Each structure stands twice: as C-alpha cells, then as structure tokens.
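Student: Taken in order, the sequence shown gives residues 0 to 173; the numbers are from numbering that gives the first Met the number 0.
Ideal Cβ placement from N, Cα and C applies to all residues, glycine included.
For clarity, every value in this text was computed on a predicted model and none was experimentally measured.
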Amino acid sequence: MARVELQPGFADHNKRVVGRQDVPWFNNEQKAVITFAAFPDHGKPVYLGSLLKTHPLFLGLARGLNGDESRKVNSRIRIVIERYLDQGENRCAATMSSLREGKPDIQVEIIGDSFDANSLRLYYHRGDFMGAPAFYIDAVAKTKYAKKVENALGELAGYQMPNAWIEGKKKRKN
0 MARVELQPGF
10 ADHNKRVVGR
20 QDVPWFNNEQ
30 KAVITFAAFP
40 DHGKPVYLGS
50 LLKTHPLFLG
60 LARGLNGDES
70 RKVNSRIRIV
80 IERYLDQGEN
90 RCAATMSSLR
100 EGKPDIQVEI
110 IGDSFDANSL
120 RLYYHRGDFM
130 GAPAFYIDAV
140 AKTKYAKKVE
150 NALGELAGYQ
160 MPNAWIEGKK
170 KRKN
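#1: Roughly how far, in whole angstroms, is the beta-carbon of residue 125 from the beta-carbon of residue 145, given that I think they are within contact range, below 8 Å?
#2: State the Cα-Cα distance for the pair residue 85 and residue 36, rounded to the nearest angstrom.
#3: Please list the terminal residues of the continuous beta strand (DSSP E) segment that includes residue 108.
#4: So the candidates are 96, 109, 115; which of them puts its Cα closest to the Cα of residue 162?
#5: I'd like the span of the beta strand (DSSP E) that includes residue 151, first residue to last.
#6: Are residue 138 and residue 64 closer than 9 Å when you measure CB to CB?
#7: Leaving aside the five residues before and after residue 93 along the sequence, list all residues of the same chain whose C-beta is less than 8 Å from its C-beta, in chain order.
#8: Hey, which unbroken runs of the beta strand (DSSP E) at 3 residues or more fall wholly within the segment 35-69?
#9: According to DSSP, what are the bridge partners of residue 127?
#10: Tell me, which residues are paired with residue 141 by DSSP?
#11: Please classify residue 113: does DSSP put it in a helix, a strand, or coil?
#12: Please report the straight-line C-alpha distance between residue 33 and residue 79, rounded to a whole angstrom.
#13: Rounded C-beta distance between residue 131 and residue 44? I'm assuming under 8 Å.
#14: Should residue 90 and residue 77 be called a contact, given that it needs their Cβ atoms to be closer than 9 Å?
#15: Out of 110, 99, 141, 55, state which residue places its alpha-carbon closest to the alpha-carbon of residue 153.
#16: Taking residue 48 as the reference, give the member of 67, 127, 141 with the closest Cα.
#17: Give the single residue among 135, 149, 53, 111 whose Cα lies nearest to the Cα of residue 103.
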C-alpha cells in the first residue's frame, strides 16, 4: 500500500511512537509509529498512524492492493480527516464496538459499491495524541475479505459488527 503521508495533502514531518493506550489490540511489547499529517487549509495538527503491520493478515491484505486501490484508500483517509476537521464528526458505514472495556470503536468506511466483492473497506479508529486528533488505520481489505478482518478483530480484542449490519447482510444474501 502506498505511504499515505507521501500523498498530496500530507506532509512527512516527524515520527512519534504511540504506546498501548491508543492501540486496540497491542500487547506491552508492540509499538506503532504515528506521523504528523499537515492540513494547511485547516491550520490544525493531525496525527496519522498505521497499524497494518501489527497483524500478518492486515499487512497481507494491504500489500495485496494495487496502486489504484491504494490511491482510493488514501483519498478516503484524507476525506475522513478533512470531514472531521470541518465538521467535528466521523460518519461511516458501520462502527465496530468491543465487548472489552477501554477499547476504542473502530469505524468502517466502504469505498465503492458495497455489493461488489472487490470494493474496499477501511477500518480505522480515532484517538488523541499530544492534544491533537489522531487517526489510526487498523486494516484495509477488499469486501470479499472483510469477514476475515472482522473475525480477527473479534479474536484480538472482542470487536463485533452491529446487529443491524449483520442482519442487513443476511437479507442481501437471500
């Protein structure tokens, strides 16, 4: 997957390491690199972190994306962050919640037609870093692999999709 911070709209300034408290499934030995992302039009600092390397499945699925798919994901990440900076909200297709206390909600964005197996899903969560908003990319996958990602998040940290989402998927199959 293309490095997000090297795309237009992102500036690669300094690296900061984020610890366990902001990362849903980390153990004490794991660390994630978070990057400062500049959005000059907004005049607000934002931090961006990728957690794709924290799980072999997530890394493999991200590496399986072609250049066009990576650009679509990067574009959606920019849109999500700008929407937050403009409106202070995160609208998304679904929110995964954990049964375990203290785990952040993971937002799910659908990129493309939700009925197309080759459309994309972006899994991310929001937090704060040094008093500024931070966005963590948890996983990226084609829709046909979404169940694998969702199962892994469930096993790692007790995440589950909302019941309405699951019921809707069952109805579409019939």
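Tutor: Based on what the coordinates show:
#1: As a first step, residue 125 is located in the sequence shown; it is residue number 126 there, counting from the start. As a first step, residue 145 is located in the sequence shown; it is residue number 146 there, counting from the start. Between residue 145 and residue 125 the Cβ distance is about 20 Å, and since that is not below 8 Å, they are no contact.
#2: Walking along the sequence shown from the start, residue 85 turns up at place 86. Walking along the sequence shown from the start, residue 36 turns up at place 37. Pairing residue 85 with residue 36, the inter-Cα distance amounts to about 16 Å.
#3: On the sequence shown, position 109 is the one that residue 108 refers to. 105-110 is the extent of the beta strand (DSSP E) around residue 108.
#4: On the sequence shown, position 163 is the one that residue 162 refers to. For residue 162, the closest C-alpha among the options 96, 109, 115 is that of 96.
#5: By 1-based counting over the sequence shown, the position of residue 151 is 152. Per DSSP, residue 151 lies in no beta strand (DSSP E) segment; the continuous alpha helix (DSSP H) that holds it begins and ends at 145-156.
#6: The count along the sequence shown starts at 1 and reaches residue 138 at position 139. The count along the sequence shown starts at 1 and reaches residue 64 at position 65. For residue 138 and residue 64, no; Cβs fall outside 9 Å.
#7: If you number the sequence shown from 1, residue 93 lands on position 94. Correct list, in chain order: 106, 107, 160, 161, 164.
#8: Entirely contained in the segment 35-69, the beta strand (DSSP E) runs reaching 3 residues are, in chain order, 43-49.
#9: The count along the sequence shown starts at 1 and reaches residue 127 at position 128. 132.
#10: For the purposes of this step, residue 141 is identified with residue 142 of the sequence shown, where counting begins at 1. DSSP output for residue 141 lists 119 as bridge partner(s).
#11: The sequence position of residue 113 within the sequence shown is 114, counting from 1. In the structure shown, residue 113 sits in coil (DSSP, three-state: anything other than H, G, I, E or B).
#12: By 1-based counting over the sequence shown, the position of residue 33 is 34. By 1-based counting over the sequence shown, the position of residue 79 is 80. Straight-line Cα distance between these residues: approximately 17 Å.
#13: Stepping through the sequence shown from its first residue, residue 131 is reached at position 132. Stepping through the sequence shown from its first residue, residue 44 is reached at position 45. Indeed they touch by this definition, with Cβ atoms about 4 Å apart.
#14: Walking along the sequence shown from the start, residue 90 turns up at place 91. Walking along the sequence shown from the start, residue 77 turns up at place 78. Not closer than 9 Å, so no.
#15: Working through the sequence shown from its first residue, we reach residue 153 at position 154. For residue 153, the closest alpha carbon among the candidates 110, 99, 141, 55 is that of 99.
#16: On the sequence shown, position 49 is the one that residue 48 refers to. The shortest C-alpha separation from residue 48 is found at 127.
#17: On the sequence shown, position 104 is the one that residue 103 refers to. With respect to the C-alpha of residue 103, the residue from 135, 149, 53, 111 having the closest C-alpha is 135.
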